[in-house]
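Asker: The structure follows.
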Amino acid sequence: MSYADLNDDDTTRPLLPQVKVIQDHRNHNNCNDAHSAENHAITFYATPAAPTPGVEVTSPSQHWHNQSHRSEETSSLLTLASDRRISDPRRTFCLFVTFDFLITVLLWLTECGISSTNGKDPFFTILNFQMSHFYKPSESLFDVTMLAAVRFLFLVLSYAILRIKHYWPVAVSTAVSDVLLILKIFGIFAMSKQTSSLNLPMTIVVVLADFVLTWIEVWFVDFKVLPAEPEELHTYIFTLCLFVPRPSYGATSERASFYSPAATPPGEHISKSFKTLGNNSNWSEADVAIVNEGKNGLDQLWELYQNNTIWKTEKVLSNGDTVFSYDNKEFGKTFKIVANIPAVTPSVLFNEIIRKPEEMPQWNKTVSDVKVLGKVGEQTFITLEVSAPAAMGLISSREFVTVRRVDKFGDDYVSAGISTNACEHMVPKSNFVRGVNGPTGFVVGPGADGPYSTKFIWILNTNLMGNLSRSLVNRNLTSTMINFVSAMKERLK
1 MSYADLNDDD
11 TTRPLLPQVK
21 VIQDHRNHNN
31 CNDAHSAENH
41 AITFYATPAA
51 PTPGVEVTSP
61 SQHWHNQSHR
71 SEETSSLLTL
81 ASDRRISDPR
91 RTFCLFVTFD
101 FLITVLLWLT
111 ECGISSTNGK
121 DPFFTILNFQ
131 MSHFYKPSES
141 LFDVTMLAAV
151 RFLFLVLSYA
161 ILRIKHYWPV
171 AVSTAVSDVL
181 LILKIFGIFA
191 MSKQTSSLNL
201 PMTIVVVLAD
211 FVLTWIEVWF
221 VDFKVLPAEP
231 EELHTYIFTL
241 CLFVPRPSYG
251 ATSERASFYS
261 PAATPPGEHI
271 SKSFKTLGNN
281 SNWSEADVAI
291 VNEGKNGLDQ
301 LWELYQNNTI
311 WKTEKVLSNG
321 DTVFSYDNKE
331 FGKTFKIVAN
341 IPAVTPSVLF
351 NEIIRKPEEM
361 PQWNKTVSDV
371 KVLGKVGEQT
381 FITLEVSAPA
391 AMGLISSREF
401 VTVRRVDKFG
411 DDYVSAGIST
421 NACEHMVPKS
431 NFVRGVNGPT
441 GFVVGPGADG
451 PYSTKFIWIL
461 NTNLMGNLSR
471 SLVNRNLTST
481 MINFVSAMKE
491 RLK
């Protein structure tokens, strides 16, 4: 079957249970600014599209009520970005601060024990003496222990309870601690000629250990906690944005596109690809929503494909294949690989590679499993993909639940996908981390070497989630795309 003749009127089983859905139009472009999304309610402006069979259409007053309700609901979700559980780097920092306090107490008790062994006084006598003479630098280390306790309380209050997003609390605690520790050293050696109950070597160990621990805390906040949390927040909001539907086709919006680059004039390519498509009367409203979600992903992918000005060259291979990237400040890098496949027509490549996703693990070693969970018509289907471990095991397997849409624009075959949460009841339980796909997919068209060659383009926009180094992920994604194209060429020989 030619994709130019595809029609969604083909009868297939409904993908989702029969549930009543009221279609309203929301624009998740508002999520482009993470800080605005975190601090302000979001109002969505849209004009209802033409009525769709099987979908309840609301009156203007009902539509505004639904918009306001959805806006408040989405705003509440986005507020969770700041109010949700403490971040992993911040929690690890608080554990380290606790370790700082406990190790200082342990070292102080050890020093008291060594002093009691070398002297005539028992352990508890020395312990009580140091606690009661903490103001004498040459006689007690209890002042260092008290300093560690104050530092612990101050940092936990600042970073765990108040959740301050600044380095000044750890800077203050480190500066005060270091000044007092330096004064402590002066006090110890100034009184060295007098008799002291302190064990000098152990005293130096305690003071130096405390000094080093305070600077590790500074490093932890400055290089781990503060840089990681904005990225984690953007990831969290990105996930929410993907699951807030864009306006349906035919709707208009006062806001810009989800992606900032200049796009095709509204409706230009849509009219070419969707003008013959109808809706199956057997579909549920939820099935129609899934189809619209797939169309939205296809629309976004096509915009990225047509805009050549945003891409910069990342790598050019010896065979001419080229990797490009587009750096989106909110959601990280989007990658694109362009390859020429000789001696293969576009239709053969599309039908043998793209239309058979469940066979992909047989020839593509970067994927361990692909399952088609369900279909709506002949152009929209839901897939579950599980990636293979990568980067020598540093990146574990990820699973992706994606709504995919296939179509044909002129001579170009297109397969687009975007993450969905509409089919959770169909996804088997697993221990894999759930990744998130932005608009991603393939464009296959005539190549530069005539009708028996193919131009293959893969646009990849994915978030692997978890606390992973961005540079490690970017290198791995580039390698994954190159390996995929190489394996695909071998498959087509």
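Numbering (UniProt numbering), first residue to last: 1 to 493. The C-beta atom is built at its ideal place from N, Cα and C for all residues, glycine as well. Everything numeric in this text was worked out from a predicted model, so none of it was measured.
Since Ile290 and Ala422 should fall inside the 8 Å C-beta cutoff, what is the C-beta to C-beta distance between them, to a whole number of angstroms?
Answerer: Within the sequence shown, numbered from 1, the residue matching residue 290 stands at position 290. Within the sequence shown, numbered from 1, the residue matching residue 422 stands at position 422. Indeed they touch by this definition, with Cβ atoms about 6 Å apart.
Asker: Mind the definition here: the stretch 314-324 touches the stretch 477-485 only if three or more C-beta pairs lie below 8 Å; say whether that holds.
Answerer: A contact exists between the stretch 314-324 and the stretch 477-485.
Asker: In terms of residue numbering, what span does the beta strand (DSSP E) encompassing residue 496 cover?
Answerer: Within the shown structure, residues of the chain are numbered from 1 to 493, placing residue 496 beyond reach of any answer.
Asker: Name the DSSP bridge partner or partners of Ile418?
Answerer: Indexing the sequence shown from 1 puts residue 418 at position 418. Val403.
Asker: I'd like to check one pair, Lys455 with Gly445: are the Cβ atoms closer than 8 Å?
Answerer: By one-based count along the sequence shown, residue 445 stands at place 445. By one-based count along the sequence shown, residue 455 stands at place 455. Cβ atoms of Gly445 and Lys455: closer than 8 Å.
Asker: Please classify Glu359 as buried or exposed, where buried requires at least 16 neighbouring CB atoms within 10 angstroms.
Answerer: Start at 1 with the first residue of the sequence shown, and residue 359 comes out as number 359. Exposed: under 16 other Cβ atoms inside 10 Å.
Asker: Any idea which residues DSSP pairs Lys365 with across the strands?
Answerer: One-based indexing of the sequence shown puts residue 365 at position 365. Lys365 is not bridged to any residue.
Asker: Can the beta-carbon of Gly417 be found less than 8 Å from the beta-carbon of Asn431?
Answerer: Along the sequence shown, read from residue 1 onward, the residue named residue 417 stands at position 417. Along the sequence shown, read from residue 1 onward, the residue named residue 431 stands at position 431. Their beta carbons are not under 8 Å apart, which means Gly417 does not touch Asn431 by this criterion.
Asker: In the DSSP assignment, find the alpha helix (DSSP H) that holds Thr309 and state where it starts and stops.
Answerer: Counting from one through the sequence shown, the residue named residue 309 turns up at place 309. Where Thr309 is concerned, there is no enclosing alpha helix (DSSP H), given that its DSSP letter is neither H nor E.
Asker: If you run the structure through DSSP and keep just helix, strand and coil, what is Glu378?
Answerer: Walking along the sequence shown from the start, residue 378 turns up at place 378. Note: Glu378 maps to coil in three-state DSSP.
Asker: Over what stretch of residues does the beta strand (DSSP E) that includes Asn328 continue unbroken?
Answerer: Taking the sequence shown and counting its residues from 1, one reaches residue 328 at position 328. Residues Thr322 to Asn328.
Asker: How big is the Cα-Cα spacing for Asn30 and Arg91?
Answerer: Against the sequence shown, residue 30 aligns to sequence position 30. Against the sequence shown, residue 91 aligns to sequence position 91. In this prediction, Asn30 scores a pLDDT of 39, lower than 50, which makes its location untrustworthy; the coordinate-derived value is nonetheless stated afterwards. Approximately 30 Å, taken between the alpha carbons.
Asker: Taking the alpha-carbon positions, what's the Val225 to Leu157 distance?
Answerer: Translated into positions along the sequence shown, residue 225 becomes position 225. Translated into positions along the sequence shown, residue 157 becomes position 157. Their Cα atoms are separated by approximately 16 Å.
Asker: Only counting the same chain, and skipping five residues up and downstream in sequence, which positions put a Cβ closer than 6 Å to that of Phe381?
Answerer: Mapped onto the sequence shown, residue 381 falls at position 381. Answer for Phe381: Val372, Lys375 and Arg404, listed in chain order.
Asker: Please return the same chain residues whose Cβ sits closer than 8 Å to the Cβ of Ser87, not counting the five positions on each side in sequence.
Answerer: Position 87 of the sequence shown, counted from the start, is the residue given in the question as residue 87. Excluding sequence neighbours, Ser87 sits near Val225, Ala228, Glu229 and Glu232.
Asker: Relative to the C-alpha of Glu303, which candidate in Lys165, Ala148, Val473 and Pro439 has its C-alpha closest?
Answerer: Within the sequence shown, numbered from 1, the residue matching residue 303 stands at position 303. Checking every option, the nearest Cα to that of Glu303 belongs to Pro439.
Asker: Taking the CB atoms as reference points, tell me whether Phe101 and Phe220 lie closer together than 8 Å.
Answerer: As a working mapping, residue 101 is identified with position 101 in the sequence shown. As a working mapping, residue 220 is identified with position 220 in the sequence shown. No, the Cβ-Cβ distance between Phe101 and Phe220 is not below 8 Å.
Asker: Take Trp108 and list the residues in its own chain whose beta-carbon comes closer than 6 Å to its own, dropping the five residues that flank it on each side.
Answerer: By 1-based counting over the sequence shown, the position of residue 108 is 108. Closer than 6 Å at the Cβ level, and outside the excluded window around Trp108, lie Leu141 and Thr145.
Asker: If you draw a straight line from the alpha carbon of Lys408 to that of Ala388, how long is it in whole angstroms?
Answerer: Your numbering for residue 408 matches position 408 in the sequence shown. Your numbering for residue 388 matches position 388 in the sequence shown. Their Cα atoms are separated by approximately 30 Å.
Asker: Comparing C-alpha positions only, which one of Ser453, Pro357, Arg470 and Arg163 sits nearest to Tyr386?
Answerer: Taking the first residue of the sequence shown as 1, we reach residue 386 at position 386. Note on residue identity: the sequence assigns Val, not Tyr, to residue 386. For Val386, the nearest C-alpha among the options comes from Pro357.
Asker: Quick test of the definition: if touching needs 3 or more C-beta pairs under 8 Å, does the stretch 171-183 touch the stretch 197-211?
Answerer: Yes, the stretch 171-183 touches the stretch 197-211.
Asker: Taking Ser453 as the reference, give the member of Val473, Ser469 and Lys489 with the closest Cα.
Answerer: As a working mapping, residue 453 is identified with position 453 in the sequence shown. Nearest of Val473, Ser469 and Lys489 to Ser453, Cα basis: Lys489.
Asker: Between Val413 and Gly447, what straight-line distance do the alpha-carbon atoms span, to the nearest angstrom?
Answerer: Numbered from its first residue, the sequence shown carries residue 413 at position 413. Numbered from its first residue, the sequence shown carries residue 447 at position 447. For the record, residue 413 in the displayed sequence is Tyr; it is not Val. So the alpha carbons of these two residues sit roughly 13 Å apart.
Asker: So for Asn282, helix, strand or coil by DSSP?
Answerer: As a first step, residue 282 is located in the sequence shown; it is residue number 282 there, counting from the start. Coil.
Asker: Who does Arg434 pair with in a DSSP beta bridge?
Answerer: The sequence position of residue 434 within the sequence shown is 434, counting from 1. The partner list for Arg434 (beta bridge, DSSP) reads Glu399.
Asker: Should Asn199 go down as buried or exposed, given a rule of 16 or more other Cβ atoms within 10 Å for buried?
Answerer: Within the sequence shown, residue 199 is the residue found at index 199, counting from 1. The residue in question, Asn199, is buried, as its Cβ has 16 or more Cβ neighbours within 10 Å.
Asker: Grouping DSSP H, G and I as helix and E and B as strand, with all else coil, what is Val344?
Answerer: Locating residue 344 in the sequence shown gives position 344, where the first residue counts as 1. Val344: coil per DSSP, three-state reduction.
Asker: Which one of Gln300, Val443, Val401 and Lys336 has the shortest CA to CA distance from His425?
Answerer: The residue labelled residue 425 in the question sits at position 425 within the sequence shown. Out of Gln300, Val443, Val401 and Lys336, Val401 has the C-alpha closest to the C-alpha of His425.
Asker: Does Leu460 come out as helix, strand or coil in the three-state DSSP assignment?
Answerer: Against the sequence shown, residue 460 aligns to sequence position 460. Of the three classes helix, strand and coil, the one that applies to Leu460 here is strand, per DSSP.
Asker: For a quick check, are the C-beta atoms of Ser115 and Leu147 less than 8 Å apart?
Answerer: For the purposes of this step, residue 115 is taken as residue 115 along the sequence shown, with counting starting at 1. For the purposes of this step, residue 147 is taken as residue 147 along the sequence shown, with counting starting at 1. Not closer than 8 Å, so no.
Asker: Do residue 522 and Asn463 have their C-beta atoms within less than 8 Å of each other?
Answerer: Nothing can be reported for residue 522, as the shown portion of the chain is limited to 1 through 493.
Asker: Within its chain, find whatever has a CB closer than 7 Å to the CB of Ala391; leave out the 5 residues flanking it on each side and keep chain order.
Answerer: Residue numbering aside, residue 391 sits at position 391 when the sequence shown is read from its first letter. Answer for Ala391: Leu472 and Asn476, listed in chain order.
Asker: Just to confirm my understanding: we take Phe350, look at its own chain, exclude 5 residues before and 5 after, and list those with CB closer than 6 Å. What are they?
Answerer: Here residue 350 is taken as the residue at index 350 of the sequence shown, counted from 1. Excluding residues within five positions, the ones whose Cβ falls inside 6 Å are Tyr413 and Val444.
Asker: Throw me the rounded Cβ distance for the Lys336 and Ile185 pair, which I believe falls under 8 Å.
Answerer: Taking the sequence shown and counting its residues from 1, one reaches residue 336 at position 336. Taking the sequence shown and counting its residues from 1, one reaches residue 185 at position 185. Contact doesn't hold; Cβ gap of about 59 Å is too wide.
Asker: In the DSSP assignment, what are the bridge partners of Thr454?
Answerer: In the sequence shown, counting from the first residue as 1, residue 454 sits at position 454. Partner(s): Ile341 and Pro446.
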